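For reference, the structure is listed below as structure tokens.
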DNA sequence: ATTTTGAGAACGAACGTTCGCTCTTTAAAA
DNA sequence: TTTTAAAGAGCGAACGTTCGTTCTCAAAAT
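Residue numbers (this note's numbering), protein chains in the order written: chain A, 95 to 319; chain B, 95 to 319.
Rendered as structure tokens:
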């Protein structure tokens, strides 16, 4: 999918490359990025409630007065961070289906996602967001939105695979999806990779689990008994 | 099969009580129970950080001065609640191994646990505890302790099953355990049962997953003994 | 008489947020 | 080009509130 970037129709078309966006707006965006980065760091370290605005200001090397020109409240900051993280996860997972075989595409995208999640130390933030979503309406809505989008994606993927005869026609997709998602969320929550378990073993188990509930008809690449 | 599960009380207990048992000690215990109940309610509702001591006092119908005679700080209250919850989960799961067959015993205990977890609305608290454990040393230690105990239990269970020839001799137990635990934690986190998925379907998928990684041979009716 | 329990006002600290001010940038006016 | 007014960005002390906790004192229990 491609969401077109802003295009303003002007009277004259400048030949030379000129900054379409004002230098002012650029600086503003840079500051927002800076604040979000600082907030991310602090939230990972101390949690949404535990991190104070002063902490975030210190991390961003910025005074409260300055920060509040960009975000009207701590809530807004929390929501922005939560949304960014959830969307990032969704984007990572959206690559499922790209692979030599059905299961491979799925497993590869999942493994890549978990490795990225672990490498960037996102485990604590994920847990924090889910805890916050239990009682913060906006964060809950954000989680539900990305989750719903993921379910739709997953559903379309599995339906297509079923229609193509790649998976067991009687597989209960509507039960499989939440279970696979639970597995994924559990892996993010407990940071399985961070526990020192060999990624190859994880992949092997993940594959066995996936195949057991999907039972693809396409012959597995190797492992002939 | 029986794996002795023993629990030694942690160091995050309320103000030390006298070893002797009397009317006084009983009343004291009743008050502690009352406070823990109120704290549980408030923590589920607003989270550890979100719930204030005044909230808990109101819920327990007790003044701050009274409450502080039983718990020296909010931290102690959080830790007590976290420990209680974790130990309860551990106890629930310790029933694995009680069943007609290996997989049945496992699945039954897991399903019973999730149903109980859902029915008592413990999902938010579980998430909260895990989030807190990311940065609270004491809660982290508590989680690690019960988790370690569970791993030991699980490991003994699987090792015995493997030695008895009930599961694939090449099954990678040390990778299977964290993966199965991730699945379980994910199910608690996302409250699969609460999503309206048919428990029978959940059980079916859980069974398929378990069998796929354990590959049990046909379970013998009973062991000669 | 002594100890335990309880109530609830009060405390200091920390929080999210605001305010008043200065400095910088922008751009129109001169 | 220079001047000047307006707007934006930034600072950090300070505000009002809320928080966890303590203090004082009285009632109850032993």
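Glycine included, every Cβ here is placed at the ideal spot set by N, Cα and C. Bear in mind the structure is a predicted one, so any value in this text is a computation, not a measurement.
Distance check for residue j and residue i, CA to CA, integer angstroms please.
i, j, result
"residue 232 of chain B", "residue 173 of chain B", "7 Å"
"residue 156 of chain B", "residue 157 of chain A", "41 Å"
"residue 256 of chain A", "residue 189 of chain A", "19 Å"
"residue 127 of chain B", "residue 230 of chain A", "29 Å"
"residue 141 of chain B", "residue 253 of chain B", "39 Å"
"residue 336 of chain B", "residue 299 of chain B", "A query on residue 336 of chain B cannot be resolved here, the shown segment of chain B reaching from 95 to 319 and no further."
"residue 238 of chain B", "residue 201 of chain B", "24 Å"
"residue 330 of chain B", "residue 271 of chain A", "Chain B is shown from 95 up to 319; residue 330 of chain B falls before or after that span and cannot be answered."
"residue 306 of chain B", "residue 309 of chain A", "11 Å"
"residue 319 of chain A", "residue 196 of chain A", "Reliability fails at residue 319 of chain A, whose pLDDT of 27 lies under 50, so the model's placement of it is uncertain and the value that follows must be treated cautiously. Taking the straight line joining both Cα atoms gives about 21 Å."
"residue 119 of chain A", "residue 280 of chain B", "42 Å"
"residue 167 of chain B", "residue 224 of chain B", "20 Å"
"residue 209 of chain A", "residue 287 of chain A", "7 Å"
"residue 176 of chain B", "residue 169 of chain A", "26 Å"
"residue 159 of chain B", "residue 152 of chain B", "12 Å"
"residue 273 of chain B", "residue 122 of chain A", "44 Å"
"residue 289 of chain A", "residue 264 of chain A", "36 Å"
"residue 187 of chain B", "residue 203 of chain B", "6 Å"
"residue 207 of chain B", "residue 199 of chain A", "33 Å"
"residue 285 of chain A", "residue 302 of chain B", "24 Å"
"residue 260 of chain A", "residue 147 of chain B", "56 Å"
"residue 143 of chain A", "residue 143 of chain B", "6 Å"
"residue 211 of chain B", "residue 291 of chain B", "15 Å"
"residue 194 of chain B", "residue 304 of chain B", "16 Å"
"residue 226 of chain A", "residue 236 of chain A", "11 Å"
"residue 269 of chain B", "residue 269 of chain A", "25 Å"
Got a sec? Which residues, its chain only, sit under 8 Å from residue i by beta carbon, not counting five neighbours each side?
i, result
"residue 215 of chain A", "138"
"residue 275 of chain A", "241, 244, 245, 248"
"residue 228 of chain A", "234"
"residue 205 of chain A", "293, 296, 297, 300"
"residue 267 of chain A", "249, 252, 253, 256"
Which of helix, strand or coil does DSSP assign to residue i?
i, result
"residue 117 of chain B", "helix"
"residue 249 of chain A", "helix"
"residue 261 of chain B", "coil"
"residue 310 of chain A", "coil"
"residue 292 of chain A", "coil"
"residue 220 of chain B", "helix"
"residue 228 of chain A", "coil"
"residue 193 of chain B", "coil"
"residue 155 of chain A", "coil"
"residue 305 of chain B", "helix"
"residue 244 of chain B", "helix"
"residue 137 of chain A", "helix"
"residue 300 of chain B", "helix"
"residue 124 of chain B", "helix"
CB-CB under 6 Å to residue i, same chain, minus the five flanking residues each way: which ones, in chain order?
i, result
"residue 150 of chain A", "132, 133, 136"
"residue 178 of chain A", "none"
"residue 277 of chain B", "none"
"residue 145 of chain A", "136, 137"
"residue 171 of chain A", "133, 165"
"residue 262 of chain B", "309"
Determine the extent of the alpha helix (DSSP H) in which residue i is found, giving its start and end residues.
i, result
"residue 205 of chain B", "196–213"
"residue 182 of chain B", "168–187"
"residue 281 of chain B", "267–284"
"residue 145 of chain B", "Per DSSP, residue 145 of chain B belongs to no alpha helix (DSSP H) and is neither H nor E."
"residue 159 of chain A", "158–161"
Within the same chain, show all residues whose beta-carbon is closer than 7 Å to that of residue i, passing over the 5 residues directly before and after it, in chain order.
i, result
"residue 181 of chain A", "240"
"residue 251 of chain A", "190, 191"
"residue 221 of chain B", "283"
"residue 218 of chain B", "138"
"residue 154 of chain B", "128, 129, 132, 161"
"residue 117 of chain B", "none"
"residue 184 of chain A", "240, 243, 244"
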